[in-house]
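The structure under discussion appears below in the form of structure tokens.
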Ligand SMILES: Cc1cc2nc3c(=O)[nH]c(=O)nc-3n(C[C@H](O)[C@H](O)[C@H](O)COP(=O)(O)O)c2cc1C
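Residue numbers (this note's numbering): 4 to 215.
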């Protein structure tokens with residue numbers, strides 16, 4: 004006899020739906036040639052594309068729409084303090100009113116603030132972040148914009164952007180020697196889970212399509 008007991012469930016109304024995605028630090032070039040860093044986590048990959056979601060009113064979004072390119076720097080789990088130093092800031096000046104009201108401040112030099120280091124990219128004007136174990140140079144393929152006046156945190160709406168990845172840079176110590184594969188045991192990304200930072204935990208197994 005099947006002894007499975009259906010779990011109790013509740014219908015809830017959470018203020019956010021950040022169910023756990025990797026933290027990405029997007030580097031983009033500002034109008035004056037300096038670099039902005041945008042911490043974000045609404046991102047997923049399929050083939051050579053990465054789809055991201057960015058709130059309106061951000062400096063990174065404006066830079067990405069203007070320049071059509073960026074670097075997606077995947078943060079490691081040892082980088083959560085650096086990410087959190089960037090969290091209450093924006094490269095935009097002046098800030099949108101809703102961001103000021105939520106405690107954000109303008110920050111022009113996010114590399115210095117976070118203690119991170121820039122490394123030149125191959126084709127994208129913005130540099131990579133040397134500390135990030137994976138760095139994806141990408142160009143913008145298409146974007147959509149949605150205005151959501153009723154959504155508390157998104158007074159400027161948001162954009163969904165499709166990016167094509169041109170170059171993948173990986174720290175040598177997370178690449179399986181003499182292959183093109185990331186070592187899933189050594190790569191330890193930082194995740195953003197309902198506004199908390201969490202690490203990866205132990206590897207549990209692999210799919211039938213895994214090549215290493
Ligand atoms: C861990 C983390 C994840 C975030 N995820 C997103 C996201 O997916 N999309 C977004 O628009 N903002 C996200 N944010 C908020 C932006 O970082 C914030 O709006 C910031 O001010 C943008 O900087 P910028 O204006 O210089 O681009 C996230 C922040 C943190 C700390």
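Don't be surprised by glycine CBs; every beta carbon is placed ideally from N, CA and C.
The structure presented is a predicted model; accordingly, all values stated were derived computationally and were not measured.
Are residue i and residue j closer than 8 Å when you measure CB to CB?
i, j, result
"residue 139", "residue 68", "no"
"residue 92", "residue 119", "no"
"residue 166", "residue 26", "no"
"residue 275", "residue 135", "Residue 275 cannot be examined here, being either before or after the span of the chain that is shown, 4 to 215."
"residue 30", "residue 73", "yes"
"residue 17", "residue 90", "no"
"residue 195", "residue 7", "no"
"residue 159", "residue 44", "no"
"residue 214", "residue 184", "yes"
"residue 170", "residue 98", "no"
"residue 143", "residue 71", "yes"
Just verifying my parser: in three-state terms, what is the DSSP assignment at residue i?
i, result
"residue 110", "coil"
"residue 140", "strand"
"residue 171", "strand"
"residue 86", "helix"
"residue 177", "helix"
"residue 72", "strand"
"residue 104", "helix"
"residue 134", "coil"
"residue 67", "helix"
"residue 115", "helix"
Which residue wins for smallest C-alpha separation from residue i, given the options the options?
i, options, result
"residue 36", "78, 119, 127", "127"
"residue 39", "112, 213, 171, 17", "112"
"residue 109", "85, 61, 141", "61"
"residue 84", "201, 205, 210", "201"
"residue 193", "4, 28, 5", "28"
"residue 168", "205, 5, 33, 49", "49"
"residue 33", "147, 102, 56, 63", "63"
"residue 66", "210, 162, 189", "162"
"residue 208", "99, 198, 114, 188", "188"
"residue 137", "82, 212, 211", "82"
Under 7 Å from any heavy atom of ligand 1, does the C-beta of residue i make it?
i, result
"residue 43", "yes"
"residue 108", "no"
"residue 133", "no"
"residue 92", "yes"
"residue 202", "no"
"residue 37", "no"
"residue 160", "no"
"residue 26", "yes"
Would you say residue i reaches chain D, if we count a Cβ-Cβ gap shorter than 8 Å as a contact?
i, result
"residue 119", "The structure shown contains no chain D; it is built from a single protein chain."
Worksheet item: Using 8 Å as the Cβ pair cut-off and three pairs as the minimum, do the region 176-184 and the region 9-24 touch?
Response: The region 176-184, when compared against the region 9-24, does not touch it at the 8 Å Cβ threshold.
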